[in-house]
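Novice: Residue 32 in the numbering used here is what sits at position 31 of the sequence shown, and the numbering runs on without skipping anything. Idealized CB from N, CA, C, for every residue including glycine. Note that the coordinates shown come from a computational prediction; the quantities given were computed from them, not determined experimentally. One structure coming up, written as structure tokens, with questions to follow.
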Amino acid sequence: MDFALSEEQQAIFDMAFAFGQDNIAPYAQNWEAEGTIPKDLWREIAQLGFGGLYVDEKYGGSGLTRLDATLVFEALAMSCPAVGSFLSIHNMVGGMIDKFGTEAQKQKWLPDLCSMDKVFSYCLTEPGSGSDAAALRTRAEETDQGFRLTGSKAFISGGGYSDAYLIMARTGAEGPKGISAMIVEDGTPGLSFGALERKMGWKAQPTSQVNLDNCNISAENIVGETGKGFTYAMAGLDGGRLNIAASALGGAQNALDLTLNYMGERKAFGRTIDQFQALQFRLAEMEVALQSARTFLRQAAWKLDTGAYDASKFCAMAKLYVTDAAFDVANGCLQLHGGYGYLADYGIEKIVRDLRVHQILEGTNEIMRLIISRQMLADRG
2 MDFALSEEQQ AIFDMAFAFG QDNIAPYAQN WEAEGTIPKD LWREIAQLGF GGLYVDEKYG
62 GSGLTRLDAT LVFEALAMSC PAVGSFLSIH NMVGGMIDKF GTEAQKQKWL PDLCSMDKVF
122 SYCLTEPGSG SDAAALRTRA EETDQGFRLT GSKAFISGGG YSDAYLIMAR TGAEGPKGIS
182 AMIVEDGTPG LSFGALERKM GWKAQPTSQV NLDNCNISAE NIVGETGKGF TYAMAGLDGG
242 RLNIAASALG GAQNALDLTL NYMGERKAFG RTIDQFQALQ FRLAEMEVAL QSARTFLRQA
302 AWKLDTGAYD ASKFCAMAKL YVTDAAFDVA NGCLQLHGGY GYLADYGIEK IVRDLRVHQI
362 LEGTNEIMRL IISRQMLADR G
């Protein structure tokens with residue numbers, strides 16, 4: 002058993018980290034204040050191969066593993082969790098089209114997705130269905146030309162900003178088997194957006210409700226098979242949970258690095274505060290939390306890459322464990338900064354605000370516990 006990254010994997014991490022430090026970190030607070038991310042950034046990221054991380058190379062993707070992808074998102078989040086996480090959502094859509102789409106759909110959508118000439122958003126959650134995603138009400142009624150969509154999606158990262166939206170809508174009966182996945186391009190008549198949400202964190206990401214009012218699409222925009230959308234959505238979420246966990250880990254690691262530097266400079270009672278044993282113990286506990294989280298995350302990614310039967314359980318466990326540990330570490334780092342941690346100039350309070358949502362999205366951590374326990378009960382024989 003080898004826990005070391007390969008030379009190629011280390012190079013992937015280093016490339017993502019360097020890009021983030023040079024092109025994201027210096028502007029992160031300004032983008033947060035503006036509530037948006039310059040679209041030119043995505044084309045620069047795509048030039049590194051990060052626009053279609055696990056899309057086949059013949060469509061312009063990088064064909065990387067899920068483990069490779071976690072390295073990218075951990076490294077980018079060390080500059081800004083909000084930016085890295087938005088890229089994760091775009092890549093989740095790309096992975097779903099690559100895995101489940103028809104050959105014609107792959108050729109139509111994936112080249113622009115991988116180059117990030119088109120930014121994609123993922124739309125599952127609705128105002129009345131969050132954790133109970135299979136209860137979604139958005140409908141897609143078949144017409145002579147294709148399908149007519151009516152409904153609303155809530156908390157959509159990139160709402161009103163992205164170029165295309167992967168929508169989960171009901172094409173059949175109640176329950177998960179009546180749901181299909183479909184792509185709606187920006188500018189389609191009947192597609193509109195609510196006001197931008199005012200959020201605790203992830204403020205650089207434009208987030209809004211996505212509204213569909215008699216929105217007509219071609220039947221060719223149905224990804225894969227009709228009625229399989231919920232299965233596709235859940236499969237996409239396995240990888241999405243790993244990426245959200247990786248982004249939380251990167252944000253927490255940055256908080257800890259900043260805290261180590263701060264404690265070597267801040268003086269109290271005649272010495273730097275890193276000389277107090279009680280505070281050294283706090284640092285040790287946070288280091289253990291992040292190192293164990295990193296190992297667990299990479300094991301779960303390996304499970305998903307190898308198609309292990311319990312991969313979904315491990316993705317849920319990693320998402321639960323890593324995002325909880327990351328938030329606790331970031332919050333602890335704020336405490337070690339004292340009053341300065343509460344000030345925006347030191348960067349810690351932004352990390353704490355950004356990481357809080359990682360315990361909620363891609364399935365709340367309560368739902369992760371449900372997934373884990375159900376699999377345990379099913380496996381007991």
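Using a Cβ-based criterion (distance less than 7 Å to any ligand heavy atom), does residue 46 qualify as near the ligand PLP?
Specialist: Looking for the ligand PLP in the displayed structure turns up nothing, as the structure carries no ligands at all.
Novice: Roughly how many angstroms lie between the CA atoms of residue 237 and residue 123, to the nearest whole one?
Specialist: In the sequence shown, counting from the first residue as 1, residue 237 sits at position 236. In the sequence shown, counting from the first residue as 1, residue 123 sits at position 122. One C-alpha to the other measures close to 10 Å.
Novice: Which residues in the same chain have their Cβ closer than 7 Å to the Cβ of residue 32, if we skip the five residues on either side of it in sequence?
Specialist: Along the sequence shown, read from residue 1 onward, the residue named residue 32 stands at position 31. Excluding positions up to five away in sequence, the list reads 38 and 205.
Novice: Counting C-beta neighbours from all protein chains within 10 Å, is the total for residue 201 16 or more, i.e. buried, or is it exposed?
Specialist: Here residue 201 refers to the residue found at position 200 of the sequence shown. It is exposed - the Cβ of residue 201 has fewer than 16 other Cβ atoms within 10 Å.
Novice: Give me the residue from 199, 222, 136 and 61 with the minimum Cα distance to residue 150.
Specialist: The residue labelled residue 150 in the question sits at position 149 within the sequence shown. Ranking 199, 222, 136 and 61 by Cα distance to residue 150 puts 222 first.
Novice: Are residue 334 and residue 256 close, meaning C-beta to C-beta below 8 Å?
Specialist: On the sequence shown, residue 334 is found 333 positions in, with the first residue counted as 1. On the sequence shown, residue 256 is found 255 positions in, with the first residue counted as 1. Their beta carbons are under 8 Å apart, which means residue 334 touches residue 256 by this criterion.
Novice: Taking only the alpha-carbon atoms, compute the straight-line gap between residue 108 and residue 121 and give it to the nearest angstrom.
Specialist: Counting from one through the sequence shown, the residue named residue 108 turns up at place 107. Counting from one through the sequence shown, the residue named residue 121 turns up at place 120. Each residue's Cα considered, the two are about 16 Å apart.
Novice: Within 10 Å of its beta-carbon, does residue 307 have 16 or more other beta-carbons around it, so buried, or fewer, so exposed?
Specialist: Within the sequence shown, residue 307 is the residue found at index 306, counting from 1. Counting Cβ neighbours within 10 Å, residue 307 comes out exposed, since fewer than 16 surround it.
Novice: Tell me whether the stretch 239-256 and the stretch 344-362 touch, counting them as touching only if at least three CB pairs, one residue from each stretch, are closer than 8 Å.
Specialist: Yes: at least three Cβ pairs fall under 8 Å.
Novice: Ordered along the chain, which non-local residues of its own chain (more than five positions away) have a Cβ less than 7 Å from that of residue 112?
Specialist: Stepping through the sequence shown from its first residue, residue 112 is reached at position 111. The answer, listed in chain order, is 60 and 61.
Novice: First and last residue of the beta strand (DSSP E) that includes residue 216?
Specialist: Within the sequence shown, the letter at position 215 stands for residue 216. First-last of the beta strand (DSSP E) with residue 216: 208-219.
Novice: Are the CB atoms of residue 301 and residue 285 within a distance shorter than 8 Å?
Specialist: Position 284 of the sequence shown, counted from the start, is the residue given in the question as residue 285. Position 300 of the sequence shown, counted from the start, is the residue given in the question as residue 301. Not in contact: residue 285 and residue 301 (Cβ atoms no closer than 8 Å).
Novice: What are the uninterrupted segments assigned as beta strand (DSSP E) that are 3 or more residues long and contained completely in the stretch 248-329, given in chain order?
Specialist: Listed in chain order, there is nothing to give.
Novice: Take the Cβ of residue 86 as the centre, count every other Cβ of all protein chains shown within 10 Å, and call the residue buried at 16 or more, exposed below.
Specialist: The residue you call residue 86 lines up with position 85 of the sequence shown. With 16 or more Cβ atoms within 10 Å of its Cβ, residue 86 is classed as buried.
Novice: Can you tell which of 63, 44 and 269 has its C-alpha closest to the C-alpha of residue 10?
Specialist: Here residue 10 is taken as the residue at index 9 of the sequence shown, counted from 1. Minimum Cα distance to residue 10 is reached at 63.
Novice: Nearest by alpha-carbon distance to residue 203: which of 156, 102 and 211 is it?
Specialist: In the sequence shown, counting from the first residue as 1, residue 203 sits at position 202. The option with the nearest alpha carbon to residue 203 is 156.
Novice: Write down the C-beta distance between residue 253 and residue 291 rounded to the nearest angstrom, noting that I regard them as a contact closer than 8 Å.
Specialist: Looking up residue 253 in the sequence shown gives position 252. Looking up residue 291 in the sequence shown gives position 290. Confirmed, Cβ separation roughly 6 Å.
Novice: Have a look at the DSSP bridge pairing and note the partners of residue 151.
Specialist: The residue given as residue 151 occupies position 150 in the sequence shown. Answer is 140 and 214, bridged to residue 151.
Novice: Within the continuous beta strand (DSSP E) that includes residue 192, where are the two ends?
Specialist: As a first step, residue 192 must be located in the sequence shown, where it is residue number 191. Here the beta strand (DSSP E) through residue 192 covers 192-194.
Novice: Thinking C-beta only, is residue 340 closer than 8 Å to residue 220?
Specialist: Within the sequence shown, the letter at position 219 stands for residue 220. Within the sequence shown, the letter at position 339 stands for residue 340. Against a cut-off of 8 Å, the Cβ pair of residue 340 and residue 220 comes out as no contact.
Novice: Between the stretch 37-52 and the stretch 170-178, do three or more beta carbon pairs fall short of 8 Å?
Specialist: Flag = no, the stretch 37-52 and the stretch 170-178 do not touch.
Novice: According to the Cβ coordinates, are residue 388 and residue 159 closer than 8 Å?
Specialist: The question about residue 388 has no answer, for the chain in this structure spans 2 to 382.
Novice: What are the boundary residues of the beta strand (DSSP E) that residue 122 is part of?
Specialist: Counted from its first residue, the sequence shown places residue 122 at position 121. Where residue 122 is concerned, the enclosing beta strand (DSSP E) stretches over 121-124.
Novice: Could you check how far apart the C-beta atoms of residue 376 and residue 304 are, in whole angstroms? I think they sit under 8 Å.
Specialist: Sequence index remark: in the sequence shown, residue 376 carries index 375 (1-based). Sequence index remark: in the sequence shown, residue 304 carries index 303 (1-based). Between residue 304 and residue 376 the Cβ distance is about 12 Å, and since that is not below 8 Å, they are no contact.
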